[in-house]
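Asks: Here it is: the structure, laid out below.
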Amino acid sequence: MIGTLLVFALGFMAAALIALLFAPFLWHKAQRLARRRFDAEIPANVREMQGEIDAVRARAAFDLRREEMRATEALGRATTERAEAGRIVLENGTLRARQAELERDLAEVGARFEAIEQTLAATRLERDDIARDRQALGEAFERRGSELEALHGRHAAGQERLAAMQDRLGHLERRLAELERPAADPAVLPVVDGAQPTAPSRPAIEPEAAQPTTPAPEPATATPLTGGERLRAAIAAGVGARAPATRAENAEIRERISDLAARILRRQVDAEGPTSPIAGILAPDAADEPEAGAPPSLAARVRALAAQGDAPSASVPEPSPAADETSPKGSAARKDGAGRSRRRSRR
């Protein structure tokens, strides 16, 4: 450890010795440099001093002019900045007014937006209602379509029944015409069982016991007949078993047939309802009005039944057996109402 310290001490002394050797040289060099700098800075004569003064004045003037230019520039900048500040203030005021206007517009737009949202909600509800109504109407349309098809079928069936009834009425009218033709000429009236034809206005008074009676069928064994069948049976019995009816009897039969047809048509109209084609055919018309003294038409009879509110019944008059005899007593009995049969309803 002592050796190390001695080595360090020896090195220090060697360095000090070298520094002492070079110290005079460095000191003289520093003096020369300082003297040279002093000579350069301090003028040696008056001319150099005047030049130095002029140079200082020039530098001072240059610096002053530079500062003046800087001050001018600063003033210009300040003026520009003040003008810009005024413009900015004006623009700021304009922008504030615009902002207030935009805020009012925004509030109005917000109110309109809320109203549009409410309208949209109501429109959506209305759309849902319309969709439901449309669906219900579609279902109702389908039902109406099926009902219309059914009504078309019923209309076709009603047309067929109407054609059949018209044919039947035409047949009955032809039968009535055939019955009226023999009754119009008394000379050609057939003689039944040796009896002579008598005038329709010549009644004969005979006792009721002298009139032939025909036993009525038992209710339990009798087969129920329709009105048309009973009418045809009565016409056939009247043609084959007795003398032709008189004009009054033919008129009464025609009246009964017309009444029967009117009741049948009325019942058909009630069964088919307002859409019945027969109701359109039977609509009131000025051409259907009967002349003075003429019997009412079939349409007028049906309208009269509708006005009275009578239920249509398809009943037919059943001639009494006593009415088939050729004696005037039977004619008188029919005029009194005793020869009329009881009406039976199809129901």
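The numbering used here puts the first residue of the sequence shown at 122, with every later residue one more than the last. For glycine and all other residues, C-beta sits at the position ideal for the given N, C-alpha and C. Since the structure is predicted, the reported quantities are computational estimates derived from the model, not experimental observations.
Could you tell me if GLN171 is buried or exposed, where buried requires 16 or more neighbouring beta carbons within 10 angstroms of its beta carbon?
Replies: Classification for GLN171: exposed.
Asks: Would you call the region 373-380 and the region 274-283 in contact, with 3 or more CB pairs under 8 Å?
Replies: Not touching, per the Cβ criterion.
Asks: Report buried or exposed for GLU339, applying the criterion of at least 16 other Cβ atoms within 10 angstroms of its Cβ.
Replies: Confidence at GLU339 is low in this model, with a pLDDT of 41, below 50, so the placement of that residue should be treated as unreliable; the coordinate-derived value is given next. When all chains shown are included, GLU339 counts as exposed.
Asks: GLU399: buried (16+ other C-beta within 10 angstroms of its C-beta) or exposed?
Replies: Looking at the sequence itself, residue 399 is Ile, so the reference to Glu does not match. By the 10 Å Cβ count, ILE399 comes out buried.
Asks: Considering only their Cβ atoms, is the gap separating LEU290 from ALA382 smaller than 9 Å?
Replies: Taking 9 Å as the Cβ cut-off, ALA382 and LEU290 qualify as a contacting pair.
Asks: Quick check on DSSP: helix, strand or coil for SER397?
Replies: Coil, per DSSP.
Asks: CA-CA distance, HIS273 and LEU258?
Replies: When rounded, the distance between both Cα atoms is 21 Å.
Asks: Is it the case that the Cβ atoms of ARG384 and LEU426 are separated by a distance below 9 Å?
Replies: It is a contact, given that the beta carbons lie within the stated cut-off.
Asks: Whole angstroms are fine: how far does the CA of ALA204 sit from the CA of PHE183?
Replies: One C-alpha to the other measures close to 31 Å.
Asks: Starting from ILE163, follow the alpha helix (DSSP H) in both directions and report where the run begins and ends.
Replies: Per DSSP, ILE163 belongs to no alpha helix (DSSP H) and is neither H nor E.
Asks: So ARG422 and SER379 are supposed to be a Cβ contact under 8 Å. How far apart are they, rounded?
Replies: Right, the Cβ-Cβ distance comes to about 6 Å (below 8 Å), so this counts as a contact.
Asks: Out of PRO417, ALA135, SER397, state which residue places its alpha-carbon closest to the alpha-carbon of ALA271.
Replies: Residue SER397 is the option with its Cα nearest to ALA271.
Asks: Please report the straight-line C-alpha distance between THR125 and GLY132, rounded to a whole angstrom.
Replies: C-alpha separation (whole angstroms): 11 Å.
Asks: Rounded to whole angstroms, what's the CA-CA distance from MET122 to GLU162? Just pull it up for me.
Replies: Cα-Cα distance, rounded: 57 Å.
Asks: What residue does the alpha helix (DSSP H) around LEU403 start on, and which one ends it?
Replies: Taken as a continuous stretch (DSSP letters only), LEU403 belongs to no alpha helix (DSSP H), as it is neither H nor E.
Asks: Name the residue from ARG387, ASP250, GLY394 whose alpha carbon lies nearest to the alpha carbon of GLN429.
Replies: Per the Cα distances, ARG387.
Asks: Decide if GLN389 is buried, meaning its Cβ has at least 16 other Cβ atoms within 10 Å, or exposed.
Replies: GLN389 comes out buried.
Asks: Please say whether LEU403 and ALA392 have beta carbons closer to each other than 9 Å?
Replies: No. Outside cutoff.
Asks: Could you check the C-alpha separation between MET190 and ARG180 for me, to the nearest Å?
Replies: For MET190 and ARG180, the distance between alpha carbons rounds to 15 Å.
Asks: Does DSSP put ALA134 in a helix, a strand or coil?
Replies: Residue identity check: residue 134 is Met in the sequence provided, not Ala. Looking at MET134 - three-state DSSP - the assignment turns out to be helix.
Asks: Answer with buried or exposed for ALA331, where buried requires no fewer than 16 other C-beta atoms within 10 angstroms of its C-beta.
Replies: Residue placement at ALA331 is poorly supported in this model, since its pLDDT is 37, which falls under 50; the coordinates are not used for a value here.
Asks: Helix, strand or coil for MET122? Go by DSSP, reduced to three states.
Replies: The answer is coil: DSSP assigns MET122 none of H, G, I, E or B.
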